[in-house]
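Asker: I have a structure here, written as structure tokens, and I will follow up with some questions on it.
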Amino acid sequence: MELELDRVTKQYGSKIACDHISISFQKGVYGLLGANGAGKTTLMRMMCGVLAPTSGTIQFNNIDVSHEDYRDALGYLPQDFGYYPEFSALDFLLYIAALKGLPKPQAKEKAWELLEQVSLEKEAKKKIKTFSRGMIQRLGIAQSMLNNPQILILDEPTAGLDPKERVRFRNLISRLGTDRIVLLSTHIVSDIEHIAGMILVMKDGSLVHQGTRDEIIKTIDGKVWECTLPQSEADSLCEKYSVINLRQESDEKVFLRLVSDEKPGASAINTQATLEDLYLYYFSEVSE
Ligand SMILES: Nc1ncnc2c1ncn2[C@@H]1O[C@H](COP(=O)(O)OP(=O)(O)OP(=O)(O)O)[C@@H](O)[C@H]1O
Ligand SMILES: [Mg+2]
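In this text, residue positions in the sequence shown follow the working numbering: the first is 3, and each later residue adds one.
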């Protein structure tokens, strides 16, 4: 099983939303991390055949994205997943199954199987408008799984979930990733940290890093600093650097954790980097 992106580029007028992106996906969960406007949705829509690349190729087992066989292998949960609030969960799945051309008896069996898999079997007959955000997202996963896809693309599936739903969702995605390619985008670092074997970092349309969590974190080794300082000195560091953590230690002293290429002060000491540090290092100017 191999999904291959070769120099995939999308240009809107003079704006390059995706710039020569090359990635090779095998079975497993991939996390696509990037700030707003990084190009995550654009890339995913091209991988789903919804949007044509300006240049470059996308192939699954040597089958081009424009081919019907590619679409048959694909499941997609869009960022703005459109559901029908008046439908029940079961009816919605049957409706999508019909659109996907599944025969009726098979569709019914599959719908129930998926409702169970996403823990919505008890809510099967309830209207979607009564569902929580987490339940809607789980239903979204179920609809994307109707054709038992080998490639599953989830655009910000954890946005707006509470911590309990988030954990449940991560477990679900990890399970789905055991025998297919799963790509999910997010700007929530902890989601990726817990489920993605491989991490892709996108910035301004470019893929700036790809690798395991540890490989990616290594790229900012020696750039994370901690120090405890008087308030006035802390204030000036906050102006100059991307501060990850600030904690009042006493009336006079403030503890700071920050990312910087050079040592930010005499008392600063290097500390072990995390994925969150990395995110701040690359995206701090965007996320402010
Ligand atoms: N149809 C379009 N026409 C022109 N520009 C577009 C279009 N769609 C996206 N863009 C631009 O391309 C860039 C990438 O957008 P995209 O939606 O892919 O980012 P994203 O990483 O998914 O962001 P978010 O985290 O907000 O969902 C942005 O600058 C956006 O404004
Ligand atoms: Mg997006």
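From the three backbone atoms N, C-alpha and C, an ideal C-beta is built for every residue, glycine too. Fair warning: this is a prediction, and the values are worked out from it, not measured in the lab.
Which residues count as close to ligand 2 when the rule is a CB under 7 Å from any of its heavy atoms, in chain order?
Answerer: Here the residues come out as 42, 43, 81, 157, 158, 187.
Asker: Can we count residue 124 as close to ligand 1, meaning its CB is less than 7 Å from some heavy atom?
Answerer: Outside the cutoff, so no.
Asker: According to the Cβ coordinates, are residue 172 and residue 196 closer than 8 Å?
Answerer: Yes, the pair counts as a contact, with Cβ atoms nearer than the cut-off.
Asker: For residue 158, does the count of other Cβ atoms within 10 angstroms reach 16, so buried, or fall short, so exposed?
Answerer: Its Cβ being crowded by 16 or more others within 10 Å, residue 158 is buried.
Asker: Would a check of beta-carbon distances place residue 246 closer than 8 Å to chain B?
Answerer: Absent from the structure: chain B. Only one protein chain is present.
Asker: Can you list, in chain order, the residues of its chain with a C-beta nearer than 7 Å to that of residue 75? Leave out the 5 residues immediately preceding and following it.
Answerer: Around residue 75: 62, 151, 152, 153.
Asker: Starting from residue 204, follow its DSSP beta bridges and name the residues at the other end.
Answerer: DSSP output for residue 204 lists 209 as bridge partner(s).
Asker: Beta carbon of residue 242: closer than 7 Å to some heavy atom of ligand 1?
Answerer: It does not: the Cβ of residue 242 is nowhere closer than 7 Å to a heavy atom of ligand 1.
Asker: Around the C-beta of residue 55, are 16 or more other C-beta atoms found within 10 angstroms, so that it is buried, or is it exposed?
Answerer: With 16 or more Cβ atoms within 10 Å of its Cβ, residue 55 is classed as buried.
Asker: For residue 37, which option in 210, 270, 269 has the closest C-alpha, if you only look at C-alpha atoms?
Answerer: Comparing Cα positions, the closest option is 210.
Asker: Of the residues 252, 103, 40, which one's Cα is nearest the Cα of residue 231?
Answerer: Of 252, 103, 40, the residue nearest in Cα terms is 252.
Asker: Quick one: is residue 193 buried, meaning 16 or more other Cβ sit within 10 Å of its Cβ, or exposed?
Answerer: It is buried - the Cβ of residue 193 has at least 16 other Cβ atoms within 10 Å.
Asker: Using CA atoms only, rank isn't needed, just tell me which of 223, 71, 96, 267 is closest to residue 240.
Answerer: Answer by Cα proximity: 267.
Asker: In terms of DSSP beta bridges, what is residue 227 paired with?
Answerer: Paired residues: 260, 272.
Asker: With H, G and I counted as helix, E and B as strand and the rest as coil, what does DSSP make of residue 62?
Answerer: Strand, per DSSP.
Asker: Nearest to residue 318 by alpha carbon, out of 281, 66, 49?
Answerer: Here the chain comprises residues numbered 3 to 290, so residue 318 is not present and cannot be evaluated.
Asker: Given residue 93, which residues of its chain have a CB within under 6 Å of its CB, disregarding the five upstream and five downstream residues?
Answerer: The answer is none, since no qualifying residue turns up.
Asker: For a test of your reading of the model: does the CB of residue 14 fall under 7 Å from any non-hydrogen atom of ligand 1? Yes or no.
Answerer: Yes.
Asker: Please list, in chain order, all residues of the same chain as residue 27 whose beta carbon is under 6 Å from its beta carbon, the five residues on each side excluded.
Answerer: Cβ neighbours of residue 27 beyond the five flanking positions: 5, 183.
Asker: What does DSSP give as the partner residue(s) for residue 23 in the beta ladder?
Answerer: The partner list for residue 23 (beta bridge, DSSP) reads 10.
Asker: Using only CA atoms, which one of 32, 269, 235, 222 lies nearest to residue 278?
Answerer: With distances taken between Cα atoms, residue 278 lies closest to 222.
Asker: For a test of the three-state rule: what should DSSP assign to residue 34, helix, strand or coil?
Answerer: Strand at residue 34.
Asker: Would residue 95 and residue 156 qualify as a contact pair, given that the criterion is a beta-carbon distance under 8 Å?
Answerer: Not in contact: residue 95 and residue 156 (Cβ atoms no closer than 8 Å).
Asker: According to DSSP, which residues form a beta bridge with residue 17?
Answerer: Partner(s): 14.
Asker: The alpha helix (DSSP H) that contains residue 215, what's its start and end?
Answerer: 215–220 is the extent of the alpha helix (DSSP H) around residue 215.
Asker: Return the residue from the list 218, 118, 59, 243 that minimises the CA-CA distance to residue 33.
Answerer: For the residues 218, 118, 59, 243, the minimum Cα distance to residue 33 belongs to 218.
Asker: By the three-class DSSP mapping on this structure, what secondary structure does residue 243 have?
Answerer: Coil.
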